[in-house]
Structure formats: C-alpha cells, structure tokens
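Single-structure report; data block below.
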DNA sequence: ATATCAATTCAGAACGATTCTAAAATCTAC
DNA sequence: GTAGATTTTAGAATCGTTCTGAATTGATAT
C-alpha cells in the first residue's frame with residue numbers, strides 16, 4: 026500500500042523514462058500529461074476529460090496537444106484506444122490484453138482481465154487477413170430487465 | 026436460389042409488413058429505404074452509404090430522414106447498431122445475436138455467427154448492473170505480421 | 001373526394017468531437 | 001548562446017450527427 030502515488034519523490038523519473046523508451050521528447054506537456062495518466066492506477070480517459078483534468082491541475086495544455094499526445098502515446102504503445110461509443114474515443118492506460126464492461130448511461134469503462142474471460146471457437150479470418158486484435162465489450166445497464174412497454178421514466 | 030431478390034413481384038409487400046408490425050407508417054421514404062436494406066442479403070451500412078445508395082437508385086431522401094429512419098428501425102428492432110469505429114455508426118440488418126470481423130483499412134464488417142464463437146467465464150457485472158449486450162469485434166488486417174520498425178509504406 | 005390534424009420529411013443551421021494550419025515557442029545539439 | 005528541427009498552439013476547418021421549424025404527406029372522418 027501507499028506505493029503507487031509516487032508523486033512525492035522524484036515525480037518525473039518514471040514518466041521521463043517511459044517517454045525516453047518510446048523515443049518521445051520529454052516536453053513539459055508530455056511530462057505533465059504522462060504524470061496524470063501513468064502515475065496511480067490504470068484509467069480510461071477521453072480527450073476532453075484529460076483536458077479538464079489538466080486545467081484543474083493548473084497545467085496549461087491546448088486541446089490540440091491533448092489529441093496529439095494521446096495519439097503519440099497510443100502509437101508508442103503507452104496507451105490503447107478503446108472504441109465503445111461512436112462519437113467519442115477512450116484511451117486506456119492498461120495496454121495488456123483485456124476486455125471491458127461499459128456502462129452506456131454513465132460512460133464508465135471497467136477492465137475485465139484477459140484471464141477471466143475467454144473467447145473460443147473463433148472462426149478463421151477471411152482469406153489474406155490476420156487478426157490484429159479481439160475486443161470484447163460487455164455493455165451493462167442498471168438492473169431492471171424484462172420490463173418493456175410500461176417503462177415510463 | 027434466385028429467391029432473395031424478390032424485387033420483381035410484389036416488391037413492397039415484405040417491407041410493408043415489417044413496417045406495419047413495427048408500428049411505423051409506411052411512408053414513401055421508409056418503404057424505399059426498407060427495400061434497400063431488407064431485400065436481398067444481410068448487410069452493414071453507414072448513414073452516408075445508404076444516402077448515396079438511395080441517390081443512385083434515384084430515390085430522393087434527405088440525410089436527416091436517413092438518420093431518423095435508421096434510428097427508428099433500430100428502435101423497432103429491425104436494425105442493430107454496431108460500434109466499431111469512433112466517428113461513424115454502422116447499422117446491421119442482422120439483428121440476431123452475433124459478432125463481427127472488422128477490417129479497419131476498408132471499413133468492411135463481416136458477421137460471425139453466434140454459434141461459431143463463444144465467450145466463457147464472463148465475470149459478473151458490477152453490483153446493481155446487468156448485462157445488456159456482449160459485443161465481440163475481431164479486428165483484422167492484411168496479412169503481414171511481426172514486422173515493426175522497417176515497415177515504410 | 002375533401003377537410004382535418006397528426007406524423008413525417010426536409011433544408012439548413014447547429015453541434016460536438018476531432019483534425020488541420022501555419023505561426024510562435026521550445027527542445028537539442030553544437 | 002545559436003541554429004535547426006520538433007512541438008505547441010489558437011483558431012479555423014472538417015466530419016458525422018442532431019436539431020429546428022416550416023412544408024409536406026398520410027390517415028381518418030365526412
């Protein structure tokens with residue numbers, strides 16, 4: 026416990042290393058966003074969310090840079106894009122193979138560890154194609170099934 | 026064979042019935058779009074694609090109506106929305122439980138029959154939540170794996 | 001048929017997320 | 001420091017989609 030908010034001592038070291046490894050120049054913005062994203066637990070963010078968060082942390086970064094950075098981090102394998110909602114993109118700091126619960130009402134994503142779910146009997150992909158990724162999205166809603174016509178909010 | 030392009034005899038009957046069942050008035054536009062969608066084999070369309078297709082078939086429908094219709098059909102259970110691409114929505118005429126191959130390069134979707142793929146060991150959803158749908162998206166690419174740094178288009 | 005009235009369509013404006021532009025600021029190497 | 005490449009940025013542009021309110025159409029009663 027008390028191990029993952031390593032923000033007090035050498036706050037930048039961890040992120041700095043990751044940027045270096047990825048071949049990305051450690052600019053002020055990338056360091057700051059990297060800290061928001063990679064210090065602490067795994068998370069799922071949209072560009073707007075990260076932008077708001079940066080603003081609250083009094084980090085001045087333009088929205089354009091948020092987008093640039095998210096895409097560069099994704100290309101470098103530091104993030105993974107999750108498509109669950111036509112219209113907005115989520116970025117996941119957990120880049121290991123895993124899946125998601127998605128609450129459509131709140132927009133919240135929750136990881137499902139790969140080991141806890143298995144996809145079997147996958148048919149072979151069309152000729153000349155290879156599988157680049159398998160995404161399982163389990164959409165969830167507040168419990169209240171079976172009702173249909175008489176539901177009036 | 027030769028059974029599914031029932032466009033020659035009683036072309037509207039089939040679609041008309043489906044609209045009736047769904048409680049949707051059989052307007053000129055809904056009939057025309059219904060024919061494009063439901064006569065012939067199962068398919069996956071975006072709003073723009075359907076709009077273009079209607080134009081080619083010399084059916085005059087506004088884009089707003091395309092969107093209205095796609096959503097009404099979806100609400101009525103005649104279509105199913107498929108989210109594979111942040112930015113654009115696909116609508117699938119196959120409303121049975123099934124999954125998809127998705128070619129990110131071409132934007133093509135291909136059905137995977139439910140019986141051919143199974144998801145097991147799904148962990149229970151978060152407290153107070155129930156599963157509304159499980160989507161499996163198998164992203165595919167042209168075969169040429171393992172290459173990484175030396176790929177220069 | 002015709003009038004009536006609700007449901008539907010439509011063109012165009014508005015919108016939200018994202019990408020583009022090209023000018024200014026910042027990094028790195030010397 | 002300085003030079004040159006990279007990065008950031010504000011704002012415009014773009015894209016897919018939704019909204020608006022007026023005009024049209026469809027269903028029903030007459």
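Protein chains in written order, with our numbering: chain A, 26 to 178; chain B, 26 to 178. No residue lacks a Cβ here, since even glycine has one placed at the ideal position from N, Cα and C. Treat the numbers as computed from the prediction; the structure is a model and nothing was measured.
Use the C-beta contact count for residue 44 of chain A: other C-beta atoms within 10 angstroms, 16 or more gives buried, fewer gives exposed.
buried
What are the uninterrupted segments assigned as alpha helix (DSSP H) that are 4 or more residues long and contained completely in the stretch 109–178 of chain A, given in chain order?
As for any alpha helix (DSSP H) of minimum length 4 sitting wholly inside the stretch 109–178 of chain A, there is none.
Output yes if chain B places a C-beta closer than 9 Å to the C-beta of residue 20 of chain A; else output no.
Outside the displayed range of chain A (26 to 178) lies residue 20 of chain A, so it cannot be described from this structure.
List the DSSP bridge partners of residue 105 of chain B.
Under DSSP, residue 105 of chain B forms a beta bridge with B/117.
Residue range of the alpha helix (DSSP H) that residue 72 of chain B falls in?
72–81
Mark residue 32 of chain B as exposed unless 16 or more other C-beta atoms lie within 10 angstroms of its C-beta, in which case mark it buried.
In this prediction, residue 32 of chain B has a pLDDT of 42, which is less than 50 and means its spatial position is unreliable; nothing more can be read from the coordinates.
Can you tell me where the alpha helix (DSSP H) with residue 40 of chain A in it begins and where it stops?
38–47
So, for residue 142 of chain A: in the same chain, excluding its five sequence neighbours on each side, which residues have a beta-carbon less than 8 Å away from its beta-carbon?
124, 161
Residues that DSSP places opposite residue 69 of chain B in a beta bridge:
B/117
Let me check you understand the geometry: is the CB of residue 132 of chain A closer than 8 Å to at least one non-hydrogen atom of the ligand NAP?
This structure simply doesn't include the ligand NAP, nor any ligand for that matter.
Residue range of the unbroken alpha helix (DSSP H) whose run includes residue 12 of chain A:
Not covered by the structure: residue 12 of chain A. The range shown for chain A is 26 to 178.
Given a cut-off of 9 Å on the beta-carbon distance, is the pair residue 114 of chain A and residue 71 of chain A in contact?
yes
For residue 78 of chain A and residue 165 of chain A, the rounded distance between their alpha carbons:
26 Å
So, for residue 91 of chain B: in the same chain, excluding its five sequence neighbours on each side, which residues have a beta-carbon less than 6 Å away from its beta-carbon?
Taking residue 91 of chain B as the centre and dropping the five residues before and after it, the same chain places the C-beta of 72, 75, 76 closer than 6 Å to its C-beta, in chain order.
Is residue 107 of chain B near residue 69 of chain B, with beta carbons less than 9 Å apart?
Yes, the Cβ-Cβ distance between residue 107 of chain B and residue 69 of chain B is below 9 Å.
Neighbour list for residue 166 of chain A in chain B, Cβ cutoff strictly below 7 Å
Within 7 Å Cβ-Cβ: 154, 155, 157.
Candidates B/101, B/131, B/151: which alpha carbon is nearest residue 46 of chain B's?
B/101
Alpha carbon to alpha carbon, how far is residue 48 of chain A from residue 97 of chain A? Give it in angstroms, no decimals.
10 Å
Tell me, please, whether the CB atom of residue 91 of chain B is closer than 9 Å to any CB atom in chain A?
no
For residue 63 of chain A, collect the residues of the same chain with a Cβ closer than 8 Å to its Cβ; drop the 5 residues on either side in sequence, then sort them by chain order.
39, 40, 43, 103, 118.
Which of the three DSSP states is assigned to residue 91 of chain A in this structure?
Note: residue 91 of chain A maps to helix in three-state DSSP.
Is the beta carbon of residue 163 of chain A sitting closer than 9 Å to the one on residue 147 of chain B?
Pairing residue 163 of chain A with residue 147 of chain B gives a Cβ-Cβ distance under 9 Å.
Residue 85 of chain A to residue 95 of chain A span [Cα, whole Å]:
16 Å
Which residues in chain B have a C-beta closer than 7 Å to the C-beta of residue 182 of chain A? List them in chain order.
Nothing about residue 182 of chain A can be reported from this structure: the residues present for chain A run from 26 to 178 only.
Exposure label - residue 89 of chain B; buried when at least 16 CB within 10 Å
exposed
Residues near residue 158 of chain B by beta carbon distance below 7 Å, same chain, minus five either side:
Answer for residue 158 of chain B: no residue qualifies.
By how many angstroms is the C-alpha of residue 56 of chain B removed from the C-alpha of residue 34 of chain B?
Confidence is the limiting factor: at residue 34 of chain B the pLDDT is only 44, short of 50, which leaves the residue's position unreliable and the question unanswerable from this model.
Given this structure, state the Cα-to-Cα distance separating residue 153 of chain B from residue 167 of chain A, to the nearest angstrom.
6 Å
Cutoff 9 Å: residue 160 of chain A Cβ touching any chain B Cβ
yes
My understanding is that residue 116 of chain A touches residue 99 of chain A, with C-beta atoms under 8 Å, so please give their C-beta distance in whole angstroms.
7 Å
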